[in-house]
Ligand SMILES: C[S@@+](CC[C@H](N)C(=O)[O-])C[C@H]1O[C@@H](n2cnc3c(N)ncnc32)[C@H](O)[C@@H]1O
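Residue numbers (this note's numbering): 23 to 233.
Structure below.
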């Protein structure tokens, strides 16, 4: 027996995660493909489990780690999962086939903003985990496509820690992204029709609920 468990190993003693989680994580680590942190994954699963959103839009599904967290938290939820990277969408299809969850997912090769501006559909939950530079412009479109009392959840609001350096001269390479993320957080928190919560989980999680 191990002498000391990590928090994840301890928590895993009380939850029955499908083996596919480990497979996706191993693939992500080996191939430098970013996936959701386990802390953010657990929070996302908790919110999906409590709110039971019927229709979910996921912007930036990558290789479907976050998709699996949401699908396994609520059996009645259906997900439209977008990504601009065709290779990752192919891997998502493969992982979702293996977990037998593919029938509940529509994988779409399109950018979030473009998809939303062409769609009239409403979603009960919109999960944003795409390019950080695009968050600010997504907010209004997401709000328009949110059903009453729907949730917007956004990962990476710390932008890998870059947000902790408000003096932009310290982060010259990512100035635009930092400005966009500052703008996104400020607009979400001051939005008159959103109740907004910022959580110090993983790389920072924002949860906003339509009033
Ligand atoms: C951090 S990864 C997503 C990780 C994924 N949510 C997971 O936990 O497995 C970000 C993904 O967003 C995709 N992406 C980037 N810009 C996008 C956009 N404008 N619309 C949709 N997807 C985008 C990238 O191709 C990448 O796969």
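All C-beta atoms in this analysis are idealised placements derived from N, C-alpha and C, irrespective of residue type, glycine included.
Three-way DSSP call (helix, strand, coil) for residue i in this model
i           : result
residue 55  : coil
residue 47  : helix
residue 159 : helix
residue 218 : strand
residue 228 : strand
residue 103 : strand
residue 19  : Outside the shown range of the chain, which is 23 to 233, sits residue 19, and nothing can be said about it.
residue 33  : helix
Alpha-carbon to alpha-carbon, residue j and residue i
i           : j           : result
residue 142 : residue 113 : 28 angstroms
residue 48  : residue 164 : 32 angstroms
residue 51  : residue 105 : 19 angstroms
residue 31  : residue 162 : 39 angstroms
residue 108 : residue 209 : 31 angstroms
residue 36  : residue 192 : 42 angstroms
residue 62  : residue 97  : 20 angstroms
residue 212 : residue 44  : 39 angstroms
residue 34  : residue 69  : 18 angstroms
residue 148 : residue 26  : 37 angstroms
residue 188 : residue 222 : 17 angstroms
residue 200 : residue 220 : 17 angstroms
residue 129 : residue 195 : 32 angstroms
residue 23  : residue 74  : 37 angstroms
residue 123 : residue 93  : 7 angstroms
CA nearest to the CA of residue i, picked from the options
i           : options               : result
residue 66  : 169, 150 and 91       : 91
residue 229 : 171, 28, 38 and 184   : 171
residue 167 : 77, 200, 144 and 73   : 144
residue 156 : 169, 173, 178 and 147 : 178
residue 198 : 154, 180 and 173      : 154
residue 137 : 103, 110, 146 and 126 : 103
residue 233 : 139, 216, 224 and 190 : 216
residue 131 : 29, 85 and 202        : 85
residue 218 : 187, 173, 201 and 127 : 173
residue 121 : 134, 87, 146 and 133  : 87
Cβ-based burial, residue i [other Cβ within 10 Å; buried from 16]
i           : result
residue 207 : buried
residue 54  : exposed
residue 181 : buried
residue 140 : exposed
residue 119 : exposed
residue 225 : buried
residue 159 : exposed
residue 214 : exposed
residue 117 : buried
beta-carbon residue i near ligand 2 non-hydrogen atom, thresh 7 angstroms
i           : result
residue 134 : In the structure on display, ligand 2 does not appear, and the ligands it does have are ligand 1.
*Every unbroken alpha helix (DSSP H) inside the segment 136–217 [4 residues or more]*: 157–166 and 197–211
_Give the list of continuous alpha helix (DSSP H) stretches no shorter than 4 residues that lie fully inside the segment 69–127._
87–95 and 108–120
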